[in-house]
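**Q**
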Amino acid sequence: MSQPIPNPDACDYDVAVIGLGPTGATLANLLALDGLRVLVLERDQDIFALPRAVHFDAECMRVFQTIGLADTLLPNLFVGPGMKFVDAAGQLLIDWQRPTGVGPLGWCASYKFHQPDLERALRAQLANQPQIDVRLRHEAFALDQTANGVALRFEDTRTGKLGRATARYVVGCDGARSIVRRFMGTELDDLKSHERWVVVDVLLDTPRPDLGDYSIQYCDPERPGTYTRGPNNRRRWELMVMPGDDPSKLSSPEWLWDKLARWVSPADATLERSAVYTFHSVVAKGWRNERLLLAGDAAHQTPPFMGQGMAAGIRDASNLAWKLAAVIRGEADGALLDSYESERSPHVREFIETAVQLGAVIQTTPSPPAGPDAAGGETTRAIRHFVTPQPRLGEGAHLGPAQPLAGSIAAQPRLSDGRLLDDAVGYRFALVVSPSILHGDPGLAERAALTDIALIADGGAAVRAWFAEIGARAVLIRPDRYIHGVAHDEASVHALLSRAFAGLQTEHA
1 MSQPIPNPDA CDYDVAVIGL GPTGATLANL LALDGLRVLV LERDQDIFAL PRAVHFDAEC
61 MRVFQTIGLA DTLLPNLFVG PGMKFVDAAG QLLIDWQRPT GVGPLGWCAS YKFHQPDLER
121 ALRAQLANQP QIDVRLRHEA FALDQTANGV ALRFEDTRTG KLGRATARYV VGCDGARSIV
181 RRFMGTELDD LKSHERWVVV DVLLDTPRPD LGDYSIQYCD PERPGTYTRG PNNRRRWELM
241 VMPGDDPSKL SSPEWLWDKL ARWVSPADAT LERSAVYTFH SVVAKGWRNE RLLLAGDAAH
301 QTPPFMGQGM AAGIRDASNL AWKLAAVIRG EADGALLDSY ESERSPHVRE FIETAVQLGA
361 VIQTTPSPPA GPDAAGGETT RAIRHFVTPQ PRLGEGAHLG PAQPLAGSIA AQPRLSDGRL
421 LDDAVGYRFA LVVSPSILHG DPGLAERAAL TDIALIADGG AAVRAWFAEI GARAVLIRPD
481 RYIHGVAHDE ASVHALLSRA FAGLQTEHA
């Protein structure tokens, strides 16, 4: 793989990001934290004004915390209490409760949000970064790799004017029809789930507490469906397109109100938008071709039943950003970027496969009953089989699988001074150790400072409880908040640090 370019001035930009949706905007913000010069090309002028994604989790909120947006987002979020599964008669099959309090990652497990609010916040944050060059209504049409980078050609679609730029790396965050993926020649691995659903977003005009705060999966053979509460008065229903449905009527107000009649009517709600989607389940077979990379929907697409579509793109951005920065600054071999796919692809695949399985349960179809309550019993047993995935990263820039904790997301305890761990350490590697480790090796602090590692040596009761839980006395955490490795004494801490930074140069070559 390519080595870092000795002369950074050989290219106009360090990174070009194609697409300014949530994944691209998150990636650009993270790259800005490392001071990189970034070009962002976005084909549209304005943020899409209507909701698409409606859920993200604690790990995503932690990324937004790193960017500096947590306090901005919080007032417009709703904490989801969980998900219920009901049969055609409305009888409860399963109650999947989610904790509504702050969890081990420092945030709640489930947040409901309005996507335009998030995108506005991400773009506003970028506007404060002088080294980020955002060009709206600009569409890339050619990408040519050279020895030192990528030559981009693009069009300003407002004027028709053509432009050129060079970047050391290009990341395609340009969605399911990615032009970057096309230039890479990457094919998609089809996981064989492609179903058409109608998605309906509704604004309540009067309070409807009876609808509840839970997401509800309607395991109804006549028409499977989903209900999701959003923030404030926003509600969403997703209805499976069934054989015999007239495609010309699926988005008509008459058809929609007829199908929503069991829940809402024009007397108490307003249709905000509806769209017919085909939910896909695919993973790109290659996420990197030398200096071209993919993230978000360009790299993978999932049915919505786990609420992890956008979240997967945010994880991509978080995993990739610090690696790009390390390579561009010459701190790591270019082959470190291969660990992006090797870590993220199996992780996202587990979420997609679970969503496909869950969708198969929800998308029940009419069949003759084998006995009393047969269908309901089979559905209940199938749902009970599911658990929320907690996958570790695939093999890559960490010490797993030799260390079982390596490649898993680190906890974020609140420190003795009241700060959350990530706020205390900043956007870099962090070594969290018990005080006894530092007392036994006073030179550790100097070594950490020389390698720009944040050192937390007396985090307080919450850190001690975390160490007791995982059976460690030191944890090395990557900038994306995943565990690189753990240690148990002074000698193993030194070995951990030595292997970590030697590994950035050699383990992935």
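full-length UniProt numbering applies: residue 1 is where the sequence shown begins, and numbers increase by one. Yeah, the Cβ is synthetic: ideal placement off N, Cα and C, and Gly gets one too. Since the model is a prediction, treat every value here as computed from it, not as a measurement.
1. Quick check: the Cα distance between ASP441 and VAL425, rounded to an integer number of angstroms?
2. Using CA atoms only, rank isn't needed, just tell me which of VAL356, GLY418, ASP480, LEU358 is closest to SER408.
3. Quick one: which unbroken alpha helix (DSSP H) runs of 4-plus residues sit fully inside the segment 66 to 123? Chain order, please.
4. Suppose contacts are defined by Cβ-Cβ distances below 7 angstroms. Is LEU31 in contact with VAL54 by that definition?
5. How is the beta strand (DSSP E) around LYS161 delimited, first residue to last?
6. Per DSSP, what kind of secondary structure is VAL54 in: helix, strand or coil?
7. Taking 7 angstroms as the cut-off, decide whether the C-beta atoms of GLY359 and PHE305 are in contact.
8. Quick one: residues in its chain with C-beta nearer than 6 angstroms to the C-beta of PRO448, no 5 flanking neighbours on either side, listed in chain order?
9. Rounding to the nearest angstrom, what Cα-Cα distance links HIS494 and VAL327 in this structure?
10. Where does GLY160 land, buried or exposed, given buried means 16+ other C-beta within 10 angstroms?
11. What do you reckon, are the CB atoms on PHE56 and TYR111 nearer than 7 angstroms?
12. Just the C-alpha distance for VAL17 and GLY185, rounded to the nearest angstrom, thanks.
13. With a 10 Å radius around its C-beta and 16 neighbouring C-beta atoms as the bar for buried, classify THR270 as buried or exposed.
14. Three or more beta-carbon pairs under 8 angstroms between the segment 468 to 475 and the segment 311 to 320, yes or no?
15. State the beta-bridge partners of ASP144 as determined by DSSP.
16. Report the three-state DSSP secondary structure of PHE501 (helix, strand or coil).
17. Tell me the rounded alpha-carbon separation between ALA88 and MET310.
18. Report, in whole angstroms, the separation of the C-beta atoms of PRO266 and ILE362, which I expect to be a contact under 8 angstroms.
19. What residue range does the beta strand (DSSP E) around residue 535 cover?
20. Could you pull out every residue in the same chain whose Cβ sits closer than 6 angstroms to the Cβ of THR278, ignoring the five residues on either side in sequence?
21. Look up CYS11 in the DSSP assignment and say whether it is helix, strand or coil.
22. Beta strand (DSSP E) containing ARG236: first to last residue?
23. Mark GLY172 as exposed unless 16 or more other C-beta atoms lie within 10 angstroms of its C-beta, in which case mark it buried.
24. Are the C-beta atoms of SER252 and some chain D residue less than 7 angstroms apart?
25. As a quick exercise: from MET61, LEU92, GLY103, pick the residue whose alpha carbon is nearest that of ARG414.
**A** From the atom records:
1. Position 441 of the sequence shown, counting from 1, holds the residue named residue 441. Position 425 of the sequence shown, counting from 1, holds the residue named residue 425. Going by the C-alpha atoms only, they are around 21 angstroms apart.
2. Taking the first residue of the sequence shown as 1, we reach residue 408 at position 408. Nearest C-alpha to SER408: ASP480.
3. 70 to 73
4. Residue 31 sits at position 31 when you count from the first residue of the sequence shown. Residue 54 sits at position 54 when you count from the first residue of the sequence shown. Result no, Cβ atoms of LEU31 and VAL54 do not sit closer than 7 angstroms.
5. Translated into positions along the sequence shown, residue 161 becomes position 161. Per DSSP, LYS161 belongs to the beta strand (DSSP E) from 161 to 172.
6. The sequence position of residue 54 within the sequence shown is 54, counting from 1. Reduced to three states, the DSSP call for VAL54 is coil.
7. For this step, residue 359 is matched to residue 359 along the sequence shown. For this step, residue 305 is matched to residue 305 along the sequence shown. Contact: yes.
8. Counting from 1 along the sequence shown, the entry for residue 448 is found at position 448. Here residue 448 is Ala; the residue named in the question, Pro, does not match the sequence. Here the set comprises LEU431, LEU455.
9. Along the sequence shown, one-based indexing puts residue 494 at 494. Along the sequence shown, one-based indexing puts residue 327 at 327. Approximately 23 angstroms between the Cα atoms of the pair.
10. As a working note, residue 160 is residue 160 in the sequence shown. Exposed, by the Cβ-count rule.
11. Position 56 of the sequence shown, counted from the start, is the residue given in the question as residue 56. Position 111 of the sequence shown, counted from the start, is the residue given in the question as residue 111. PHE56 is a Cβ neighbour of TYR111, given a cutoff of 7 angstroms.
12. Counting from one through the sequence shown, the residue named residue 17 turns up at place 17. Counting from one through the sequence shown, the residue named residue 185 turns up at place 185. Cα to Cα, the separation comes out at about 18 angstroms.
13. Along the sequence shown, one-based indexing puts residue 270 at 270. Residue environment analysis places THR270 among the exposed positions, since fewer than 16 neighbouring C-beta atoms fall within 10 angstroms of its C-beta.
14. no
15. The residue labelled residue 144 in the question sits at position 144 within the sequence shown. In the DSSP output, where bridge partners are listed per residue, ASP144 has ALA151.
16. The residue you call residue 501 lines up with position 501 of the sequence shown. It is helical.
17. Your numbering for residue 88 matches position 88 in the sequence shown. Your numbering for residue 310 matches position 310 in the sequence shown. Using only the alpha carbons, I get a separation of about 30 angstroms.
18. Numbered from 1 along the sequence shown, position 266 holds the residue referred to as residue 266. Numbered from 1 along the sequence shown, position 362 holds the residue referred to as residue 362. Wrong, their Cβ atoms sit about 27 angstroms apart, outside the cutoff.
19. The first residue shown for the chain is 1 and the last is 509, placing residue 535 beyond what the model contains.
20. To locate residue 278, count along the sequence shown from 1; it is residue 278. Within the same chain, THR278 has close Cβ partners HIS194, ARG196.
21. By 1-based counting over the sequence shown, the position of residue 11 is 11. Looking at CYS11 - three-state DSSP - the assignment turns out to be coil, as it is neither helix nor strand.
22. Residue 236 sits at position 236 when you count from the first residue of the sequence shown. Unbroken beta strand (DSSP E) run through ARG236: 234 to 240.
23. Residue numbering aside, residue 172 sits at position 172 when the sequence shown is read from its first letter. Counting Cβ neighbours within 10 Å, GLY172 comes out buried, since at least 16 surround it.
24. The displayed structure is made up of one protein chain only, and chain D is not part of it.
25. Indexing the sequence shown from 1 puts residue 414 at position 414. The shortest Cα separation from ARG414 among MET61, LEU92, GLY103 belongs to GLY103.
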